[in-house]
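Beneath this line is the structure, given in C-alpha cells, with notes to follow.
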Amino acid sequence: MQNPPPLVSVCIPVYLGAAHLRATIDSVFAQTFADFELVVIDDDSPDGTQAIAESYADPRIRYLRNARNLGAQGNWNRCLDEARGTYFKLLPQDDLLAADCLARQVAVLERDRDRSLAFVFGTRDFIDAAERRVLRRAAFGGRDRRIAAADLIASCIRKGTNLVGEPGNVLMRRELAARIGKFDGRYGYMIDLDYWFRALREGDAHYLAEPLSSFRISPGSWSVAIGRRQSEEFAAFARAYQSTPGYRIGRTDLALGIGVAKINAHLRQAVYWWLLRRGRTAA
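Position 282, counted from 1, in the sequence shown is what our numbering calls 781; the numbers after and before it change by one each time, with no gaps.
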C-alpha cells in the first residue's frame, strides 16, 4: 500500500552535482517542517551523484536516474512529473534552503484559501563555493507583502533581471504547475523567469522579507560568456512577452529593462573576476 502523498515535494535535478549535492540535501533535511518528500533526479551523471543520494537512510528521499541525459530542461520537467505533494519546489543542485524556508512558505499558501496566489518567494543570499555570503538580495524591501502580478512583471522588466529568484526560492501549488505546463527552454537562462511570468497569469505573488534560500556562485559556474548571453536572452524574452496578449509591457519599460540587463551583464562579469581572484588568494 502506497503512503499518502506529502504536503511538499522538493525536487533536485542533478547533473555532475557531486561537489555540493550533500550540502543541498542536508539543507532540506534540516527543515523545521517535516511533511515533505525529497526527489533527487540524476540526469545520467558519471560522477558520485548516485552514491551521495543513496547514502541517506531517511525514507522521505527518492533517488531516480534518467536512462539517458535529458538536459536541464528535460530533467526539470521530469521533476514536475515525479512530484506528488500539494506544493512543489525545484531546488538546484548547488543551492541551499534556510531551515525555516518550507515552514514559512507553506504557511503563506495554506492561508491562501481562495487560491489567489501563484507562488511565494523571498529574500535570497548569494554564496560562494565555500558557503560564504557574497551578497543578500532583498528585492522588495524589509517587510512581508503581497505583490500584484502586473507589478511584479513590470518590476522584473524594468530592472532587467529575475527579481523572483532561482527555483529554490519559490514554492507553488503542484496543481498550478500542472496547469501552466512544462518548463520551456527557448529563452535559455530565462527559463525560470518565463515560468514565473506564466504562473503570474494565474495569480499574485507573496514576498517574504527574511532570507529563504542561498544561490551558490563560483568561478567555475559564472563565466563571462554566461553574463553576455543572459543580457541577450533577457532582451529576446522581454520583447516576446511585450507582444504576448495579457502582459502590459510598455515601450519605455522594455527599452529601460534591456539597457539595465546589459549593465547587469557587466556587473556579473565583475563579480566573476572578483570571485576568481578571491579563490586564488584563499588557495
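Where is the CB? At the ideal position from N, CA and C, for every residue including glycine.
The closest CA to that of Asn565, considering only Thr548, Ala708, Ala760 and Arg631, is found on Thr548. Under a 10 Å Cβ-count criterion, Asp624 is classified as buried, with 16 or more other Cβ atoms of the shown protein chains found around its own Cβ.
With respect to Pro512, Cys578 sits close: the two C-beta atoms are nearer than 8 Å. When secondary structure is reduced to three states using DSSP, Lys761 falls in the helix class. Unbroken alpha helix (DSSP H) stretches of 4 residues or longer found wholly inside the segment 607-695: 648-658 and 673-679, given in chain order. The beta carbons of Leu616 and Asp534 sit about 20 Å from each other, so the pair does not count as a contact at 8 Å.
Residue pairing by DSSP puts Cys510 in a beta bridge opposite Val538 and Leu589. Here Gly621 is actually not in contact with Asn574; their C-beta atoms are around 25 Å apart, not less than 8 Å.
In terms of Cβ geometry, Thr585 and Arg672 form a close pair [threshold 8 Å].
Ile551: member of the alpha helix (DSSP H) spanning Thr548 to Ala552, first to last residue. The alpha carbon of Ala735 has as its nearest neighbour, out of Thr751, Gly756 and Arg715, the alpha carbon of Gly756. When DSSP states are grouped into helix, strand and coil, Glu709 belongs to the strand group. A Cβ-Cβ contact shorter than 8 Å links His705 with Val619. Per the C-alpha coordinates, the member of Asp580, Tyr555 and Ala653 positioned closest to Ser508 is Asp580. Counting along the chain, no alpha helix (DSSP H) covers Ile560; the unbroken beta strand (DSSP E) around it starts and ends at Ile560 to Arg564. At a Cβ-Cβ threshold of 8 Å, Arg697 and Ile716 do not count as neighbours. Exclusion of the five residues before and after Cys655 leaves Leu662 as the residues of its chain whose Cβ lies within less than 6 Å of its Cβ.
Ile524: member of the alpha helix (DSSP H) spanning Leu520 to Phe528, first to last residue. When secondary structure is reduced to three states using DSSP, Ala769 falls in the helix class. Sorting Ala677, Ser713 and Gly687 by C-alpha distance to the C-alpha of Ala522 places Ser713 at the top. Shown here for Ser526: same chain residues with a beta carbon closer than 6 Å to its own, the five before and five after excluded, namely Leu595 and Leu596 in chain order.
The alpha-carbon of Arg559 is positioned some 43 Å away from that of Arg747. For the 8 Å CB-CB criterion, Ile540 and Leu520 do not form a contact. By the neighbour-count criterion, in which a residue is buried when 16 or more other Cβ atoms sit within 10 angstroms of its Cβ, Leu634 is exposed.
Excluding five sequence positions before and after Lys761, the CB atoms of its chain that fall closer than 7 Å to its own CB belong to Ser730, given in chain order. Here Arg567 is near Asp543, since their CB atoms are less than 8 Å apart. Take Ile524, set aside five residues on each side of it, and the residues of its chain with a beta-carbon closer than 8 Å to its own are Ile511, Leu537, Val539, Ile551, Ala552, Tyr555 and Ile560, in chain order. Shortest Cα-Cα distance from Gln592 to any of Arg632, Asp613, Glu665 and Leu608 involves Glu665.
Excluding the 5 residues flanking it on each side, Arg642 has same chain C-beta neighbours closer than 7 Å at Ala708, in chain order.
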